[in-house]
Amino acid sequence: MDLLATLNEVETAVAVTPEDRWLADAVVWPGTAVYEVPEPTPAAVFAALTGYDQAAVIVADAPDVPGLTLGKLLRPLTSRPVAVAPVEGSGAGLLGVAARLPVPEWLPALDLDTAAPAQVRAAAPRPGDVAVTAGWRRLRGPADLATLDPAFEGWEATRALLSGQPG
93 MDLLATLNEV
103 ETAVAVTPED
113 RWLADAVVWP
123 GTAVYEVPEP
133 TPAAVFAALT
143 GYDQAAVIVA
153 DAPDVPGLTL
163 GKLLRPLTSR
173 PVAVAPVEGS
183 GAGLLGVAAR
193 LPVPEWLPAL
203 DLDTAAPAQV
213 RAAAPRPGDV
223 AVTAGWRRLR
233 GPADLATLDP
243 AFEGWEATRA
253 LLSGQPG
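First residue of the sequence shown? That's 93 in the working numbering, and the numbers climb one at a time after it.
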């Protein structure tokens, strides 16, 4: 999340269900907005936001995402109503989805663990209404740990969290 804070004109926030609020409170930077949503879906997050022209929902299990990759997810919103970033490598799902607000009515309910860019494009009035941007990997199983790069800033914190002994 600290990588997001380096992007110009981006306000970072965390969206959680009420059951996970304790976790958000334990890991966010002071002053970071935390939105409680009834379910962990992009639709619920977009509905919780007011006062914004656009927003992006990024999965929590994407390690070390470069700010440039996230910027590429937001950039198409100047000319298209929706952008999606696929998962890089094996497995289904999305890294994230960005949309102009209010969200277009045609945007389907998305499960970021299973959705694909083609599903979003199929729902759009025109396939060109959905930009597909650069993807990134996710950590969803033991084999995904091999994709972590110790050269990235934050490696020690990631390793501590994965060990179950943070701090």
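For glycine and all other residues, C-beta sits at the position ideal for the given N, C-alpha and C.
Note that this is a predicted model, so its numbers are computed, not measured.
> Cα-Cα, which of Pro217, Ala216, Leu193, Ala226 is closest to Ala138?
Replying inline: Going by the sequence as given, residue 138 is Phe instead of Ala. Taking only the C-alpha atoms, the option nearest Phe138 is Leu193.
> Three or more C-beta pairs closer than 8 Å, one from the segment 200-208 and one from the segment 118-130: is that the case here?
Replying inline: Judged by Cβ distances under 8 Å, the segment 200-208 makes no contact with the segment 118-130, as fewer than three pairs qualify.
>> Alpha carbons only, please: which of Arg232, Gly163, Pro173 is nearest the one belonging to Ala184?
In response: Comparing C-alpha distances from Ala184 to each of Arg232, Gly163, Pro173 shows the shortest one belongs to Arg232.
> How would you call Arg229, buried or exposed, if buried means at least 16 neighbouring beta carbons within 10 angstroms?
Replying inline: Classification of Arg229: buried, given that the 10 Å Cβ count is 16 or more.
>> Contact defined as beta carbons within less than 8 Å: I believe Pro168 pairs with Ala210. What is the distance between those atoms, to the nearest angstrom?
In response: Taking C-beta atoms under 8 Å as the contact rule, Pro168 and Ala210 fail to qualify, at a distance of about 17 Å.
> Is the beta carbon of Leu165 less than 8 Å from the beta carbon of Thr206?
Replying inline: No, these two residues do not count as a Cβ contact at 8 Å.
> Among Leu204, Asp145, Phe244, Pro242, which has the Cα closest to the Cα of Glu131?
Replying inline: If you compare the alpha carbons of Leu204, Asp145, Phe244, Pro242 with that of Glu131, the shortest gap goes to Leu204.
> Nearest-angstrom Cα distance between Val174 and Leu160?
Replying inline: Straight-line Cα distance between these residues: approximately 18 Å.
> Does DSSP put Arg167 in a helix, in a strand, or in coil?
Replying inline: In the three-state reduction of the DSSP assignment, Arg167 falls in the helix class.
> Could you give the C-beta distance for Arg113 and Glu101, rounded to a whole number, given that I count them as a contact under 8 Å?
Replying inline: The Cβ separation is near 27 Å, so there is no contact.
> Are the beta-carbon atoms belonging to Val189 and Ala148 less than 8 Å from one another?
Replying inline: The answer is yes: Cβ separation under 8 Å.
>> Please list the terminal residues of the continuous alpha helix (DSSP H) segment that includes Val40.
In response: What the structure shows of the chain is the stretch from 93 to 259, and residue 40 is not part of that stretch, so it cannot be assessed.
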